[in-house]
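Student: First residue of the sequence shown: 0, per numbering that gives the first Met the number 0; consecutive thereafter.
C-beta: ideal position from N, C-alpha, C; glycine also.
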Amino acid sequence: MKIVSFLLKLVLRILLLPVAFLLRFLCFIWNLLMQLSLWVLSPVMLFVLGCGIYSVVRASWTDVFLLTLIEMGLFAAAVGAGGIMELMEQLCERVEDILTI
Numbered sequence: 000m001k002i003v004s005f006l007l008k009l010v011l012r013i014l015l016l017p018v019a020f021l022l023r024f025l026c027f028i029w030n031l032l033m034q035l036s037l038w039v040l041s042p043v044m045l046f047v048l049g050c051g052i053y054s055v056v057r058a059s060w061t062d063v064f065l066l067t068l069i070e071m072g073l074f075a076a077a078v079g080a081g082g083i084m085e086l087m088e089q090l091c092e093r094v095e096d097i098l099t100i
């Protein structure tokens, strides 16, 4: 019985090894893309915020509303990318935990 259990675990490890490599590669690529996109997204967010402040001073409330929606969308994209990165890291850790058992 121990031999069958050992062989099943060995087969599981052999099948999960490429999945673990692929997940680690995807985590690396996602992290790289997230960092690069935030380097581009941050100045855009600051610019939209500055435009929103200028629109408040000018009392152009339609523009304030639209710029606030744009700012919230950009912020949601940044937070969503971070959330996806965290989920991918947890998935990678779970697969690696299965491989090390």
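Give every residue of the same chain whose Cβ lies closer than 8 angstroms to the Cβ of A76, excluding the five residues on either side of it in the sequence, and list them in chain order.
Tutor: The answer, listed in chain order, is L40.
Student: How about T67 and G51: do their beta carbons lie closer than 8 angstroms?
Tutor: Yes; because the gap between Cβ atoms is below 8 angstroms, this pair is in contact.
Student: Mind checking L102: buried by the 16 CB within 10 Å criterion, or exposed?
Tutor: Here the chain has residues from 0 to 100 only, and residue 102 is not among them.
Student: What would DSSP say about M84, mapped onto helix, strand or coil?
Tutor: Here M84 sits in helix by DSSP.
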